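In the numbering used here, the protein residues as written are 49 to 469. Report on one structure; see the data block that follows.
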DNA sequence: TCTGGGGTCCTAGGACCC
DNA sequence: TCTGGGGTCCTAGGACCC
């Protein structure tokens, strides 16, 4: 049996932990650049603010009903998330952190009649120890635990266990396909066209036919709905396969120099994250694009792959490669809205695979580089992010994303600790 | 005026190998 | 006139997730 623990309106709940006066009030958290609503309290949902709504489209509701608005504060949410996960670890030998606000637990050590009470207990303890409200869904497969969780969200107890095939069948008959984990809008449309509309329809379809007509992913979902577990619980988090750093600009940029600064910033930030994760990259990819929503301007988007001659985690190497690639995709007279850099082909940093052409001198050089980069990381850790940067990143930062309503870093910065008077 | 960021997996097609 | 079988790797694109 699996349990899925999902934090309720997670980002909003994080803000509420440190600002309790926000309880029972409509609250939303915006995405980067204050773009879209990505977390809503249930009061905000009740006002008709949809998930992912662009802020300018809901501004009227926000002003009319005094909705409290926050810019995303991801360092705070990440920190609260790890506290929640730490608490959850105590409830099962196997915990899989699925996302910033969700985790699966293996509960196969419990007998069926104890599951529901155990779920309620988990909910109570997490709330008490972290301040975060969660919902608990329990089922014989991950997909069914997800279904149970969506029911738990509407249940005043915040917990629901899907234990018998009869109950499961009745419920699946009432759930439409697009509400099932792993089935998005495209596939549900295709399935509807084939006369499959409820989760039960898919559960009763022949998985071999699904495999043929669609793919292996959907066939597994169908089996999972039937109660046959195809997805196991991951005991360890597998190493990352790619890293991305990208941002939309606060105001559109046009000049090559401005874009190069933004690209350099992302390349630099990737190099730093690679060192933290203990990885090197041997393939970079940069992407530039104009505003896809701009009806008047011509939409332009382009990507360039850049193989490196050897795996690296050095800011200077990544910056140079990315800036060179920018020359190939940059077009004049366009208003760019976003750029990003991706690191691919990751390998462990300690996997020594010296270049055929690297001489002894080169080895010494790379040792020195490693010390320099270590010092940079240390200084930025001690004096704060961005204290020491590469000049190519630019000092004025023309592309700063908007962030007008960010809460203090309550748990990461001594100067911003909440005060009690 | 104003529309996020960071990931994963699968598939098809092309280029290449012996 | 007649031209194999069995593979791998890479890339782009499409779908999905939170």
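Even glycine gets a Cβ: it sits at the ideal position worked out from N, Cα and C. Because the structure is a prediction, the values reported are computed rather than measured.
Put simply, the backbone Cα of residue 103 is about 14 Å away from that of residue 449.
Contact check for residue 390 and residue 301: beta-carbon distance about 20 Å, past the 8 Å limit, so the pair fails to qualify.
Sequence-distant Cβ neighbours of residue 290 in its own chain, meaning closer than 8 Å and more than five residues away, are 390, 391, 392, 394. For residue 211, the CB contacts under 6 Å within the same chain, skipping 5 residues up- and downstream, are 160 in chain order. For residue 236, the enclosing alpha helix (DSSP H) starts and ends at 233-241. In the DSSP annotation of this structure, the continuous segment of the beta strand (DSSP E) that includes residue 150 starts and ends at 150-154. Restricting attention to beta strand (DSSP E) runs no shorter than 3 residues, the segment 92-124 encloses them at 116-119, ordered along the chain. The DSSP-derived three-state label of residue 65 is helix.
Put simply, the segment 90-99 does not touch the segment 205-223. Fewer than three CB pairs are less than 8 Å apart. Here residue 147 carries a strand assignment [DSSP, helix/strand/coil]. Taken through DSSP and simplified to helix, strand or coil, residue 384 comes out as strand. Collapsing the DSSP output to three states places residue 464 in a helix. The beta carbon of residue 123 sits closer than 7 Å to those of 457, 460, all from its chain and outside the five residues before and after it, given in chain order. If the five residues before and after residue 131 are omitted, its C-beta is found closer than 6 Å to the C-beta atoms of 178, all from its own chain and listed in chain order.
In this structure, the straight-line span from the alpha carbon of residue 129 to that of residue 61 is close to 11 Å. By the C-beta criterion, the segment 438-452 is judged to be in contact with the segment 66-86, since at least 3 inter-stretch pairs fall below 8 Å. In the displayed model, residue 73 falls within coil according to three-state DSSP, outside both helix and strand. Nearest to residue 293 by C-alpha distance, out of 319, 105, 431, is 319.
Within the same chain, Cβ atoms closer than 7 Å to the Cβ of residue 117 are found at 76, 78, 110, 453, the five residues on either side in sequence being excluded. Nearest to residue 387 by alpha-carbon distance, out of 419, 380, 351, is 351. The alpha-carbon of residue 368 is positioned some 25 Å away from that of residue 299.
Ranked by Cα distance from residue 251, the options 273, 237, 245 are led by 273. Taking C-alpha positions only, residue 49 is separated from residue 67 by approximately 37 Å.
DSSP places residue 436 in the coil class of the three-state scheme, outside both helix and strand. Remark: C-beta atoms of residue 139 and residue 186 do not approach each other more closely than 9 Å.
Using a Cβ distance threshold of 9 Å, residue 437 and residue 374 do not count as a contacting pair. A direct Cα-to-Cα measurement between residue 195 and residue 418 gives close to 49 Å.
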